[in-house]
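A short write-up of the structure that comes next.
2 protein chains.
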Amino acid sequence: MPTPSVSPRTQPAAKARIAGPATAAVVADEPGIGAWRSFLTAHARITRRLDEELQVAHGLSLAEYDALLQIAHAPGRRVRMNVLAERVILSRSGITRLVDRLEAAGSVERAACTTDARGQEAVLTPLGLERLRSAATTHLDGVRRYFLGRLDAADLAGLEASLGRVADPLASGNHPTHEGCSPAEA
Amino acid sequence: MPTPSVSPRTQPAAKARIAGPATAAVVADEPGIGAWRSFLTAHARITRRLDEELQVAHGLSLAEYDALLQIAHAPGRRVRMNVLAERVILSRSGITRLVDRLEAAGSVERAACTTDARGQEAVLTPLGLERLRSAATTHLDGVRRYFLGRLDAADLAGLEASLGRVADPLASGNHPTHEGCSPAEA
DNA sequence: CGTAGGTCGTTGACTTGTCAACGATCATCG
DNA sequence: CGATGATCGTTGACAAGTCAACGACCTACG
């Protein structure tokens, strides 16, 4: 029975949920908030499992796996540091340190960029590719188990559409996926 | 946590699932992977913005905001540490440290649990409630801007259903929301 | 040219989380 | 009762990310 009145400092235009009963909600429960919370909870719980499984089975974090994958997919199996940072959604210093780790493990090498002397590229080593392939089975298995396996095709289509619509406008630089240093891109 | 991904766009009309020539996809592109990637990307980009906005406007991280909210919603505006940890999806030590911070800021106080001498409760202070209310306007505004505002009611219903179906089976302990120490609850 | 300002990747200092281990307390069962 | 084992919250040591600042380099414009 504490605190019955909530000061409505928001615009009273909408159907204000004026504090009704004794147990006033602290923040108005807006429609859609349930979806938002599901989103956060699902992400936290799933990535926690996936990260753990990847760690014990292959000594890789999810971020490291992702970085290896992004490099492997790039033409020449090499990516400029800043591009990689953007794809993995990490700061520049974050990518520097992540590549440090991968390099120490022998999964990646650094190479100077031929067209821009400031640039560095992360290049996948054969060992790194091997590790990525082996980790991919673990990872995809987990994604299926925790995510894909519980959703049918319609669910997945809806998710991709909705979440894409949400994510796309937040892209950092909207420049069209400029790749790297190689003079001629395949 | 960082930001993973699984599989980007394939090159032109490649349908081969079998490992092909040198430029073969490293991992097979499975249907549904697009949804998974959208999920990860959307989460990373949105939470980054929300966290930043909350930080500059109120000096709160998203996790701290979430913890305050969970405490505020609990009966008596108090929650046992382990329950809080589960709701915010943090380890026990993580919650200890987060509550340390909130306590140092005067937003929360610790109280011994009356029914279990091992237990501690985090209790919201009036100041903490005030801060939560003020931060909520910023936060909800951001959630609307980046998430709710780009989705219609059907999208939201679909998201909540799909993601709930994915998140629910991953709940740590499936015990039915047992609250805390207070003897009798309404 | 040449200099002013932007970008690139790295580093130091710091924040925020995890895990393993600990003392204290609870619960069970002899 | 008393021992045994689980659970609670905290702590030390560490991991992995951020920001601010740096030198090196690119670019553009006088």
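Chains as they are written, first to last, in this note's numbering: chain A, 62 to 247; chain B, 62 to 247. We put the CB at the ideal spot given by N, CA and C, even for glycine.
By DSSP, does residue i sit in helix, in strand, or in coil?
i: L201(A); result: helix
i: L185(A); result: strand
i: R179(B); result: coil
i: V88(B); result: coil
i: A232(B); result: coil
i: P82(A); result: Residue confidence for P82(A) is low, a pLDDT of 46 falling below 50, so the modelled location carries little weight; the figure read from the coordinates is stated next. If DSSP states are grouped into helix, strand and coil, P82(A) belongs with coil.
i: A173(B); result: strand
i: D127(A); result: helix
Compare the C-beta of residue i with all C-beta atoms of chain B and state if any pair is closer than 8 angstroms.
i: S154(A); result: no
i: S223(A); result: yes
i: L212(A); result: yes
i: G168(A); result: Looking at the sequence shown, residue 168(A) is not Gly but Ser. Chain B contact via Cβ: absent.
i: D202(A); result: no
i: A172(A); result: no
i: A105(A); result: yes
i: T102(A); result: yes
i: S99(A); result: yes
i: A118(A); result: no
i: G219(A); result: yes
i: A183(A); result: no
i: R158(A); result: no
i: G93(A); result: yes
i: A165(A); result: no
What residues in its chain sit with their C-beta under 8 angstroms from that of residue i, if we drop five residues either side in the sequence?
i: G167(A); result: T186, L188 and G189
i: L111(A); result: L123, H200, G203, V204 and Y207
i: L163(A); result: E125, A128, L129, V169, A183 and G189
i: A118(B); result: A196 and T199
i: A165(A); result: none
i: R153(B); result: M142, N143 and A146
i: L209(B); result: L217
Using a Cβ-Cβ cut-off of 7 angstroms (strictly less than) and excluding sequence neighbours within five positions of residue i, which residues of its own chain qualify?
i: A183(A); result: I132, R139, V140, M142, L145, V160, V169 and R171
i: M62(B); result: The predicted position of M62(B) is uncertain, since its pLDDT is 40 and thus under 50; no value can be drawn from it.
i: T238(B); result: With a pLDDT of 41 at T238(B), under the threshold of 50, the predicted position of this residue should be treated as unreliable, and no value is reported.
i: Q116(A); result: S122
Flag this pair as yes or no: are the beta carbons of residue i and residue j separated by less than 8 angstroms?
i: V40(B); j: L212(A); result: For residue 40(B) there is no data in the structure shown, the boundaries of chain B being 62 and 247.
i: G93(B); j: G219(A); result: no
i: E114(A); j: S233(A); result: no
i: I107(B); j: L217(A); result: no
With a cut-off of 8 angstroms, does the C-beta of residue i fall near any C-beta of chain A?
i: V227(B); result: yes
i: L231(B); result: yes
i: S122(B); result: no
i: D248(B); result: In the structure displayed, chain B extends from 62 to 247; residue 248(B) sits before or after that span and is not available.
i: Y207(B); result: yes
i: N161(B); result: One point to set straight first is that residue 161(B) is Asp, not Asn, in the sequence displayed. Output row for D161(B): interface = no.
i: K76(B); result: The pLDDT assigned to K76(B) is 37, lower than 50, so where the model puts this residue is not dependable, and the model offers no usable value.
i: V140(B); result: no
i: R192(B); result: no
i: D216(B); result: yes
i: R179(B); result: no
i: A146(B); result: no
i: L111(B); result: no
i: A96(B); result: yes
i: L188(B); result: no
i: L130(B); result: yes
i: A197(B); result: yes
i: A133(B); result: yes
With a threshold of 6 angstroms on Cβ separation, who are the neighbours of residue i within its own chain once the five nearest residues in sequence on each side are excluded?
i: I156(A); result: M142, L145 and A146
i: G180(B); result: R141 and C174
i: T102(A); result: none
i: R109(A); result: none
**Report entry** Stretch pair the stretch 90-98 of chain B + the stretch 192-210 of chain B: three plus CB contacts closer than 8 angstroms
**Finding:** no
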